[in-house]
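For the protein sequence lines, the chains are A and B, in the order given.
For the first sequence, this note's numbering gives the first residue as 3, with consecutive numbering after it.
For the second sequence, this note's numbering gives the first residue as 123, with consecutive numbering after it.
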Amino acid sequence: MMEGDLRQPGFHLGPGALGQLMPMYLSLDAACRIRGAGPTLLKLMGEGAVGKPLEDVFTLRKPRSAVQASALLRAQRLQMSLRDAPATTFKGTAVPLLGDGVLLNLSFGFGVRDAVRDHGLSATDFADTDLAIELLYLYEAKTAVMGELTRMADRLRGARARAEEQAATDPLTGLGNRRAMEAALQRLMRGGEGFALLHIDLDYFKQVNDTLGHSAGDHVLAEVAARLRRSVRAGDLVARVGGDEFVILLAGVLDSAALERIGATIYDHMRLTITHEGRPCPIGLSIGAVLVGPGSDQGEAALVSLADLALYASKRAGRGRMMLWNPDQDISQELARADGAERRVRS
Amino acid sequence: MHGLVNKALQSFISDAFGAAVWRDVAQHAGITQLLGADGFEAMQSYDDALTEAVLDSAVVLLRRPRDSLLEDLGTYLISHERMEPLRRLLRFGGVSFTDFLYSLDELQGRSHLAVPDLALPDLALSEAGADSFLLTCSDGPVGFGHVMVGILRALADDYGALVVLEHRGIRRTDGADGPPGTVELIEIEVHDPAYHAGRRFDLATEAAR
Numbered sequence: 003m004m005e006g007d008l009r010q011p012g013f014h015l016g017p018g019a020l021g022q023l024m025p026m027y028l029s030l031d032a033a034c035r036i037r038g039a040g041p042t043l044l045k046l047m048g049e050g051a052v053g054k055p056l057e058d059v060f061t062l063r064k065p066r067s068a069v070q071a072s073a074l075l076r077a078q079r080l081q082m083s084l085r086d087a088p089a090t091t092f093k094g095t096a097v098p099l100l101g102d103g104v105l106l107n108l109s110f111g112f113g114v115r116d117a118v119r120d121h122g123l124s125a126t127d128f129a130d131t132d133l134a135i136e137l138l139y140l141y142e143a144k145t146a147v148m149g150e151l152t153r154m155a156d157r158l159r160g161a162r163a164r165a166e167e168q169a170a171t172d173p174l175t176g177l178g179n180r181r182a183m184e185a186a187l188q189r190l191m192r193g194g195e196g197f198a199l200l201h202i203d204l205d206y207f208k209q210v211n212d213t214l215g216h217s218a219g220d221h222v223l224a225e226v227a228a229r230l231r232r233s234v235r236a237g238d239l240v241a242r243v244g245g246d247e248f249v250i251l252l253a254g255v256l257d258s259a260a261l262e263r264i265g266a267t268i269y270d271h272m273r274l275t276i277t278h279e280g281r282p283c284p285i286g287l288s289i290g291a292v293l294v295g296p297g298s299d300q301g302e303a304a305l306v307s308l309a310d311l312a313l314y315a316s317k318r319a320g321r322g323r324m325m326l327w328n329p330d331q332d333i334s335q336e337l338a339r340a341d342g343a344e345r346r347v348r349s
Numbered sequence: 123m124h125g126l127v128n129k130a131l132q133s134f135i136s137d138a139f140g141a142a143v144w145r146d147v148a149q150h151a152g153i154t155q156l157l158g159a160d161g162f163e164a165m166q167s168y169d170d171a172l173t174e175a176v177l178d179s180a181v182v183l184l185r186r187p188r189d190s191l192l193e194d195l196g197t198y199l200i201s202h203e204r205m206e207p208l209r210r211l212l213r214f215g216g217v218s219f220t221d222f223l224y225s226l227d228e229l230q231g232r233s234h235l236a237v238p239d240l241a242l243p244d245l246a247l248s249e250a251g252a253d254s255f256l257l258t259c260s261d262g263p264v265g266f267g268h269v270m271v272g273i274l275r276a277l278a279d280d281y282g283a284l285v286v287l288e289h290r291g292i293r294r295t296d297g298a299d300g301p302p303g304t305v306e307l308i309e310i311e312v313h314d315p316a317y318h319a320g321r322r323f324d325l326a327t328e329a330a331r
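This is the structure we're talking about:
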């Protein structure tokens, strides 16, 4: 090269050196006949491939076919696969050679794991600068980590299911659930001091749910829960025991006069119509009550069904009222009533 | 300490000595209440004190010196079938045992690619002579060098190489060129890189789990 000549010289590489840099090179003549290949590609094609036309050994996908090497040079990115099973796929680039012919450099792309497995390749089959080994490494590391995460998620799901089973809170209203109510009822029975049990059912809740939607229904339940909570003492248990059913346990409430005051307080708190997104949600409360005297030996199930009888009596009498089960006369008597309950029934 | 490390310690104790021994160790270390029946979770971080407590309890209950217990942990990580994914990840380091030794410089970076918050100690390999090397483990948990000796011993066997390994002790750094910490030195002599056939390693397996 002459002094001051800044033109890039061409490269003269022997096949050995080229194969070390690019173990998957493919050298073609102008008519697309295979002149030579890197050691890894030779292993994949078989030695007999040298001298054959390109399309005898490979199925071309991009470009669809190449009788002349120039077709390969025009394609931006080559895609091809081996004709023989397992039809390993390659992507590649073609560049013109000084003189004649083209040089292709091929790579496995995303199929690298399959190719390595199918052909039993090892690290020495890749150029030291190739990131294929790192890619395989990352694939396995990712698989191991995901396996751990999946096992952890399974354990957490199991733990969550167990916790939900044991939970005592109704997530929608923040009140106790049936489990909490049953536990509190057992405690009161064992304590033997006497208490009142109120079984509350919403009137017209289904209509609100059907006409205004479930979010309105959920809003109503949460609002009723808050108003019931405000109507009783902090230590009293308020629980949501079903869709639109609530139970209140009032420790130490032993007579109908005290119960009457509480009923009046509840209906007072319910006087303002609940609204959801500006639309009124007209619901009412029917309440069945039962008084449990000190030292009562009645079963819990029997108590609940007596409260149910009183609740049924309230519904039958026109809803919107609290009825107390009277054990002496085997009937329920009215203790409190919501404003306009009579009017609603008549209309 | 990362959950993967703690989980490995837990698996080692229960696989090598029995699930009942692990329960005793956990009880003795006072972590049963804290962690529940499943013990450590792999993808969670724990206070270093928990790991130390488990290790101390294992030393007491198994009546084994701490160093040899740690070395056995290292061997377990490579040779137990449950730890096959880890063996494979390390074998990606090189085609021969010597090649693998040179990849230890990159181990921190490699592990960082897989689990960014794993925080393995810094490893540096230097040549001490022909086929003789010195591995420096910096700023790891104290005793990590012994785990490393166990790992190297098992991997040498895996590659089929004949090597002699020696832990050369722990040195505390004063912190003149950085935060104070510990340095552990391991001497490695490779007598025959192809002493026996070793275990097979395919780059891609049918079912890598």
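By construction, the Cβ of each residue, glycine as well, lies at the ideal position given by its N, Cα and C atoms.
Could you have a look at residue i and say whether DSSP puts it in helix, strand or coil?
i                     : result
residue 313 (chain B) : strand
residue 292 (chain A) : strand
residue 66 (chain A)  : coil
residue 26 (chain A)  : coil
residue 93 (chain A)  : strand
residue 123 (chain B) : coil
residue 334 (chain A) : strand
residue 201 (chain A) : strand
residue 318 (chain B) : coil
residue 207 (chain A) : helix
residue 130 (chain B) : helix
residue 327 (chain B) : coil
residue 81 (chain A)  : strand
residue 162 (chain B) : coil
residue 177 (chain B) : helix
residue 288 (chain B) : strand
residue 42 (chain A)  : helix
residue 57 (chain A)  : helix
residue 274 (chain A) : coil
Can you give the Cα-Cα distance for residue i and residue j, rounded to whole angstroms?
i                     : j                     : result
residue 311 (chain A) : residue 321 (chain A) : 13 Å
residue 305 (chain B) : residue 275 (chain B) : 20 Å
residue 16 (chain A)  : residue 37 (chain A)  : 13 Å
residue 297 (chain A) : residue 196 (chain A) : 7 Å
residue 142 (chain A) : residue 211 (chain B) : 7 Å
residue 74 (chain A)  : residue 29 (chain A)  : 12 Å
residue 109 (chain A) : residue 89 (chain A)  : 14 Å
residue 180 (chain B) : residue 250 (chain B) : 36 Å
residue 278 (chain B) : residue 78 (chain A)  : 47 Å
residue 111 (chain A) : residue 316 (chain B) : 33 Å
residue 293 (chain A) : residue 165 (chain A) : 34 Å
residue 327 (chain A) : residue 238 (chain A) : 20 Å
residue 196 (chain B) : residue 217 (chain A) : 58 Å
residue 152 (chain B) : residue 41 (chain A)  : 59 Å
residue 177 (chain B) : residue 140 (chain B) : 16 Å
residue 13 (chain A)  : residue 164 (chain B) : 53 Å
residue 283 (chain A) : residue 171 (chain B) : 57 Å
residue 276 (chain A) : residue 287 (chain A) : 13 Å
residue 159 (chain B) : residue 313 (chain A) : 47 Å
residue 209 (chain A) : residue 263 (chain A) : 30 Å
residue 188 (chain B) : residue 132 (chain B) : 15 Å
residue 227 (chain B) : residue 127 (chain A) : 23 Å
Hey, would you say residue i sits closer than 8 Å to residue j, going by beta carbons?
i                     : j                     : result
residue 289 (chain A) : residue 265 (chain A) : yes
residue 121 (chain A) : residue 54 (chain A)  : no
residue 284 (chain B) : residue 271 (chain B) : no
residue 289 (chain B) : residue 268 (chain B) : yes
residue 223 (chain B) : residue 266 (chain B) : no
residue 242 (chain B) : residue 229 (chain B) : yes
residue 115 (chain A) : residue 83 (chain A)  : no
residue 103 (chain A) : residue 71 (chain A)  : yes
residue 226 (chain A) : residue 252 (chain A) : no
residue 310 (chain B) : residue 200 (chain B) : no
residue 224 (chain A) : residue 174 (chain A) : yes
Is residue i near the ligand GTP - that is, is its Cβ less than 7 Å away from at least one heavy atom of it?
i                     : result
residue 322 (chain B) : As presented, the structure is devoid of all ligands, the ligand GTP included, so that no description of it is given.
For the segment 132-154 of chain A, which residues have a beta carbon sitting closer than 9 Å to at least one beta carbon of chain B?
Those would be 134, 135, 136, 138, 139, 140, 141, 142, 143, 144, 145, 146, 147, 149, 150, 151, 153, 154, in chain order.
*asked:* To test your reading of the DSSP string, which unbroken alpha helix (DSSP H) runs of 4 or more residues are found completely within the segment 112-183 of chain A?
replied: The qualifying runs are 114-121, 134-168.
Which complete alpha helix (DSSP H) runs does the segment 190-252 of chain B hold, if anything under 4 residues is left out? Counting whole runs of 4 or more residues, the segment 190-252 of chain B contains the alpha helix (DSSP H) stretches 206-213, 219-225, 229-236.
May I ask you to list, following chain order, the residues of the segment 220-237 of chain A that have a beta carbon less than 8 Å from some beta carbon of chain B?
Listed in chain order, the positions of the segment 220-237 of chain A with a beta carbon within less than 8 Å of a beta carbon of chain B would be empty, since no residue qualifies.
Which residues, taken in chain order from the segment 258-277 of chain B, show a beta carbon closer than 9 Å to some beta carbon of chain A?
-> Listed in sequence order: no entries.
- prompt: Which residues, taken in chain order from the segment 143-157 of chain B, show a beta carbon closer than 7 Å to some beta carbon of chain A?
  reply: Cβ contacts with chain A: none found.
Item checked: Interfacial residues, the segment 105-119 of chain A to chain B, with Cβ spacing under 7 Å -> Near chain B, meaning a CB-to-CB distance below 7 Å, the residues of the segment 105-119 of chain A are 115, 118, 119.
Next item on the list: Would you list, in chain order, the members of the segment 188-204 of chain B that have their beta-carbon closer than 8 Å to a beta-carbon of chain A?
Entry: Those would be none; no residue qualifies.
Point to revise | Interface residues of the segment 216-243 of chain B facing chain A [CB-CB below 9 Å] | key: Residues 216, 217, 221, 232, 233, 235, 236, 237.
- request: Identify each residue in the segment 123-140 of chain B for which the Cβ-Cβ distance to at least one residue of chain A is less than 9 Å, and report them in chain order.
  value: Of all residues in the segment 123-140 of chain B, those with a C-beta nearer than 9 Å to a C-beta of chain A are 125, 126, 129, reading in chain order.
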